[in-house]
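Peer 1: Quick one: this structure, given as C-alpha cells, is what I'll be asking you about.
Chains as they are written, first to last, in my numbering: chain H, 347 to 650; chain R, 347 to 650; chain B, 347 to 650; chain D, 347 to 650.
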C-alpha cells in the first residue's frame, strides 16, 4: 500500500501505524446500520481509528443517517471482500456508501483568472503537506499567473475565453482535465461562469468554488462593492460546490472578518483576500479528507 | 455638574477628573476644521481626553469629514459660550455639530414582544452600569415579560396590537414615550413593524432594532429558518437604525456564530439568542457613548 | 420514563421520539470495542442517534480510546440487562464505561461570592432550558446575591468564611450539598480556595471552576490586572475541573476577547465578565450533556 | 515627492490626492497640545486626513498623551520649517514627536531559520502591496529557504551560527544590515536568541519577533508542545518588539485559534503556522504605517 501521507491529524500522529481509509454512509436511518458497519470492518481485520455518526430527524420524507468511519486497513487481506460486503449492506439498508482507501492522493485541477492569492495559498499548503492531493495542472483564461505555476513547476494552460469561444474552450479544458484523471476541480477566483455542460460532467460534488461574500448575501459580481455600498460591519467568504444554480450550491465553509468605516472598497477587497484563501483551503481540506457528505442542498461536514 | 457615571472606559479611569462631554462634527472636509475644534475647546478651558477624526474620500459629491472629541469640561465656565462658538464653526465650515454634555443619562424605552433574552441583557447591563442610560419604561404588545420588568422595578405597559388597532395603539405608545422624554427607542425583538408615522417621529437615528440575521441576507421574518434551509455554516445578527425601509437602515453592529449540520432550526434560534443580545448591547453602547455618526445609509462608529 | 427535556440540539429536534441516553467508553484501544458497543445497544432495542469515537495514539503507555454514543432507549425493555452486558464489555476490553439514562436532570449547586454576572447567566440559561439541570440551591460566603436567587425562587445559603472557620463552614456546606444529592458543583466566581478535603469529596470531575484568564497565563488572583500590566492584546477565560492543584485542572473550554490600549483594568474586568459567563455556560453544557471524558490532565470534549 | 504607495486604506482611496505623512506625539498630557499640533499642520498648508488621540490616565507618575495624525503635505512648501516648529512644541510641552514623510518605503530585513510560512507570507504581502516596505535582504542561519528568496529575487545571506561563532556572525549580520540602511528587522521564526549587543543596536522598537504562543503563557521553546501537554482549547501567537528580556517585549498583536482533543502536537504546529503568519503581518503593517507608540512595556496601536 502507498506510503504514509500527511493529510490529517490522525494520520500524522499514527505515522507508524499504516494507512487510513474511510467509509462514508448516507441514507435513510435504519436500526443496526452503525453496528453493522463497525462489525464488518472489525471482522475483516480493520481497526476503527475514529468515527462520527449523525442522524437528521428533520430530513424529509424520513430521517437521514450520515456516517464517516476512519479505519486502519492494516490487518485486511482482501479489499474486494470488504467491498462486496459493503455492497450487501447497501442493499440491505437501502443506503449509499463510499470507501476511499486513500493510498493515492486525489488529483486536483485549479482554475484561475488574474487574482493570485488563492492560487498561492493552495500551492503552498499542498507543498507543506496540509492538502492531501496532487495538483497536476493549472488552467486559466489569462497568462497572468504563469509565474506562480512555474514556481511550483506545475503545467499552466491558458484558454482565452470569449462569449463566442466559450463552449469550444470548455471542451478543450474538459479534455485536458479528463486526460489528467482529475478528481476535484477548484475554482480559485476563476471569473467565468461554467456552462451547464461542464458542470454536469462533474456534478457529483467535484467542483469547489470560492465566492467573495457571505452567501446568500451579495450574489453575483462585485460582491465587495455591494457590501461597501450597504455599509456592512463584517465581510464574508463562502466555499461551496458549484451547481447549475449560480452561487446556490451546498455550502462547505464560511468565514467573516470585521470591517469599519475606515475601510474603502479596496480594503474590503484586500481583507477579503485573506478570508477567501482560508475558507477555500478549509473547504478543500474537508473534501480531500472525505469529511463531507452532500444531501439535497446542504453539506454535512464531519471533523477529521 | 452631574456625578460620575460609568458608561465608558475613559470615564471609569478618570473618575476623579470630572465629567466628560463629546463634540461630534460631520460635514464636507475643509482644511482647518480639526484645528479649529480643538482650539475652541482648549481656549474655553476644556481638556481633550481623546479624539478621532476620519475623512471619507469616497463620499460624493465631496469628501466628508467625521470627528468625535471626548473632552473634560471641568475648567469651562460658560457652556453657552462654547455652544455659540461651535455654531459659528458650523456656519463657517458648513458642517453639522452636536455637543453632548453627558451630565444626565439618556432615557431609553425598550419595546418587546415575547422573547426575553434581549430584555434581560439590556436590564442587567444597565444595572451593571455598562449602559450609560436610564430605562424608565418598557412597552410590549403582550403581557409575557412583565415579570422581567418587575424584577428591575421598571413600569411595563401593554398595548395589544391588532391590524385594526395598530395606529391607535401606536398613538398611545408615542404619547407615553413623549411623556417620558425618551431619547432612544430600542426594539428588543419587538415583533411589530412600526408605521411610517411612528418612525418619522424618531427619524434622527433614535430607534435601534436588532435583526436576527446577517443583513442583507435573510430579510424579513423567520430568518433562522431561512438560514437553516440554505445550509449556512455561520448565522448572524445585525443592529441597525430603523428607517422607513424595513431592514435597510444604517448598520451599527454585526456579529456571527458558527453552526453545523448538527444544529436544527431550534439550535439556530438558541445560538442566535446569544448573538442578538450581544450585538444589540454593543450597538446601544456605541450610540449612548456618542460614538456613532450617520451619513446617508451608513454609520461611522468610532471607538470610545 | 421522564418527560422530554430541552438540553441539547438532538433532543429538541427529536421531541416526539422519546428520551435519549448516553454511553461513554474510555480505555486502552482494543479492536472490536466500537462494534461491540453499537451491537450491544442495537440488540437490546436501542437506536443510535449519534456517536463519536476517537483514538489518541499519542497517549502513553498505550493508545487510548474515547467513545460517546447518544442512543434512543425507547425499544429497550430491561435497563439492568444492558447494564450487565456493558459491565461484561468493561471486563473483556479493560475499559471504563458510563451509562446515563438522562431521565432525570442532574442537580447543580452554584457557589458564588459577590460577582453576579455568572450567576445571572446560569440561572437565565437554565430557565431558558439551555442547561439541562436543576439548581436546587445557591451557596455563598456573602449576602450580596440573595436577590438574584430570590428572583428565581432558589434557596440561598450564606456561610461566612474566615481563615478560622473555613473548615467548619466547608463541613456545613458539604452536608447541605450532600443532603440535596448534588451531582455537579459550579464555582461561579466563588472567591475561596476549596480545601483538599472538599475537593476530594467531588474528585470525579464534579466541580467546575471559571478562571478569569487564558490559563496557564496569569494564575491566581487579580488576573486582569496582571494582564493589563503585561499589555496583552487579548484577554481570556478558562473553565476547568477543580483539582488539588489550583488552576491546573483539566480544561473544558476557553475563549478570548480583544482589548486595546484604550482599555484600563476596569475595562478588562468588564469585558472579562462577558467572557467568563459564556465560557462557564459552554463548559457546563458540555458536562451536563455528557460530552466530556477526562483522561489524565486533559478533557476530550465531544460535540453534542 | 515619492510616488503613491499602497500601504494603507486611506492612501489607496486617496490615490490622486498625493502622499501622506504622519506626526506622532507621546508625552505627559498637557492642555493645548492637540490643538497646537493640528493648528501647526494647518497653518503650513497640510490637511489632516485622520487623527487619533488618547490619554492614559492610569499612567504613572502622570497622565500620558498619545497622538497620531495622518496628514496630506501637498500644500506644504518647506518641510524643515514644520520640523522646526514641531521641535518647538516638543520643548514647550515636554513631549516626544516623530514625523514620517512616507515618501520612501522603510527597509525591512527578514531573519529566518528553517520554517518557511512566515517568510512566504511577508514576501507575498509585500508583493501584493499590503506591506508598505522594501525587503532588500533575507538573512538566515541555514540554506533551507534560499529558494523562497530566489522566487522574489531577493538576496539571501547565510550565517551559520554556533555557540562559538555567534558573536562573530552577529557582527557580520549587523554590518550587512547597516550597509543596507535597514529600518526594521523582522524575526520570522528565527530560531536564535539575539545577543544583548545586537538588540541594543536596534533598541528603539526596531526588531519585531513572532512568538508561537499566547504570551505570557508558554515562554521559551517548544511552545506548542507545552500547550498540548497542558490540554488547552485555544493556541495563540504573539508579535512583539524584541527586548533584552526574552519574550517580554511590548506586545503589538496577538491572536488565537481553537484546537480540540483530535489535534496532536503536529496539528498544533500546523494550525499555529496559519496564526503566526497572520499575527506577524498584522504587527508589521501597524509598525510600517506608523500606528504604534511604545511606552514602558506596552504598545499603543492606533488604527490606520
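C-beta: ideal position from N, C-alpha, C; glycine also.
1) Hey, residue 577/D and residue 597/B are a contact pair by Cβ (cut 8 Å); roughly how many whole angstroms apart?
2) Compile a chain-ordered list of the residues in the region 379-397 of chain H whose CB is closer than 9 Å to at least one CB of chain B.
3) What does the alpha-carbon distance come out to for the pair residue 531/H and residue 457/H?
4) Under 8 Å, CB to CB, which of the residues in the region 555-572 of chain B have a partner in chain D?
5) How many Å lie between residue 520/B and residue 485/B at the Cα?
6) Residues bridged to residue 555/B by DSSP?
7) Relative to chain B, which residues along the region 465-479 of chain R have a C-beta separation below 8 Å, given in chain order?
8) Tell me, to the nearest whole angstrom, how far the beta carbon of residue 621/B is from that of residue 583/B; I am working on the premise that it is less than 8 Å.
9) Once the 5 residues before and after residue 547/H are set aside, which same chain residues still bring their CB inside 7 Å of it?
10) Can you grab the Cα-Cα spacing for the pair residue 480/H / residue 628/H, in whole Å?
11) Would residue 595/B count as contacting chain D if we go by Cβ distances under 7 Å?
12) To which residues of the same chain is residue 403/H closer than 7 Å at the C-beta, ignoring the five residues directly before and after it?
13) Does any residue of chain H bring its CB to less than 7 Å from the CB of residue 641/B?
14) Below 7 Å on C-beta distance, what does residue 401/B contact in chain H?
15) Ends of the beta strand (DSSP E) at residue 482/R?
16) Taking DSSP as the reference, what is the three-state secondary structure of residue 385/D?
17) Going by DSSP, which residues form a beta bridge with residue 645/B?
18) Short check: CB of residue 395/B to CB of residue 424/B, under 7 Å?
19) If the cut-off is 8 Å on Cβ atoms, which residues from the region 493-523 of chain B count as contacting chain R, listed in chain order?
20) Using the rule of at least 16 other Cβ atoms within 10 Å of the residue's Cβ for burial, across every protein chain shown, is residue 471/D buried or exposed?
21) Can you tell me whether DSSP reads residue 633/B as helix, strand or coil?
22) Less than 7 Å between the beta carbons of residue 602/H and residue 580/H, yes or no?
23) Note down the Cα distance separating residue 638/R from residue 647/R, rounded to an integer number of angstroms.
24) List the DSSP bridge partners of residue 396/R.
25) Using a Cβ cut-off of 7 Å (strictly closer), state whether residue 579/B contacts chain D.
26) Does the distance from the C-beta atom of residue 538/D to that of residue 507/D stay below 7 Å?
27) Using 7 Å as the limit for Cβ to Cβ distance, is residue 630/D near chain H?
28) In whole angstroms, what separates the C-alpha of residue 460/R from that of residue 488/R?
29) Since residue 609/R contacts residue 565/R with CB under 8 Å, what's their CB separation in whole angstroms?
30) In terms of residue numbering, what span does the beta strand (DSSP E) encompassing residue 454/R cover?
31) Quick one: list the residues of chain R neighbouring residue 370/H, beta-carbon separation under 9 Å, in chain order.
32) Could you list the residues in the region 595-628 of chain H with a C-beta less than 8 Å from some C-beta on chain D, going in chain order?
33) When DSSP labels each residue in this structure, what does residue 495/R get in the three-state scheme?
34) Do residue 535/R and residue 464/R come within 7 Å of each other at the CB atom, strictly closer than that value?
35) Would you kindly check if the distance between the Cβ of residue 442/B and the Cβ of residue 372/B is under 7 Å?
36) Find the residues of chain R that neighbour residue 342/H, judging by a C-beta separation of less than 9 Å, and give them in chain order.
Peer 2: Reading it off the structure:
1) At roughly 5 Å, the Cβ-Cβ gap stays under 8 Å, so residue 577/D and residue 597/B are in contact.
2) Of all residues in the region 379-397 of chain H, 379, 380, 381, 382, 383, 384, 385, 386, 387, 388, 389, 391, 392, 393, 394, 395, 396, 397 have a Cβ within less than 9 Å of some Cβ in chain B.
3) Roughly 7 Å separates the two Cα atoms.
4) Within the region 555-572 of chain B, the residues whose Cβ lies closer than 8 Å to some Cβ of chain D are 560, 561, 562, 563, 564, listed in chain order.
5) Each residue's Cα considered, the two are about 10 Å apart.
6) Paired residue(s): 533/B, 586/B.
7) Within the region 465-479 of chain R, the qualifying residues are 466, 470, 474, 476.
8) Right, the Cβ-Cβ distance comes to about 4 Å (below 8 Å), so this counts as a contact.
9) Taken in chain order, the residues that qualify are 520.
10) One C-alpha to the other measures close to 16 Å.
11) No, no contact with chain D.
12) Shown here for residue 403/H: same chain residues with a beta carbon closer than 7 Å to its own, the five before and five after excluded, namely 409 in chain order.
13) No, residue 641/B does not count as interfacial toward chain H.
14) Within 7 Å Cβ-Cβ: 395, 396.
15) Under the DSSP assignment, residue 482/R falls in the beta strand (DSSP E) whose first and last residues are 480-486.
16) Helix, per DSSP.
17) Note: residue 645/B sits in a beta bridge opposite 640/B.
18) In terms of Cβ geometry, residue 395/B and residue 424/B do not form a close pair [threshold 7 Å].
19) Cβ contacts with chain R: 497.
20) Burial call: buried.
21) In the structure shown, residue 633/B sits in a helix (DSSP, three-state: H, G or I).
22) Contact: yes.
23) Roughly 5 Å separates the two Cα atoms.
24) For residue 396/R, the beta-bridge partners assigned by DSSP are 416/R, 400/D.
25) True, the Cβ-Cβ gap to chain D drops below 7 Å.
26) Cβ atoms of residue 538/D and residue 507/D: closer than 7 Å.
27) Taking 7 Å as the threshold, the shortest C-beta distance from residue 630/D to chain H does not fall below it.
28) About 7 Å.
29) The beta-carbon distance between residue 609/R and residue 565/R, rounded to whole angstroms, is 22 Å. This is too long to meet the 8 Å contact definition.
30) Boundaries of the beta strand (DSSP E) around residue 454/R: 453-458.
31) Result: empty, since nearest Cβ-Cβ is about 14 Å, beyond 9 Å.
32) Cβ contacts with chain D come from 606, 608, 609, 610, 612, 613, 616, 619, 620, 624.
33) Residue 495/R: helix per DSSP, three-state reduction.
34) A contact, by the Cβ cut-off of 7 Å.
35) The answer is yes: Cβ separation under 7 Å.
36) Residue 342/H is absent from the structure shown; chain H starts at 347 and stops at 650.
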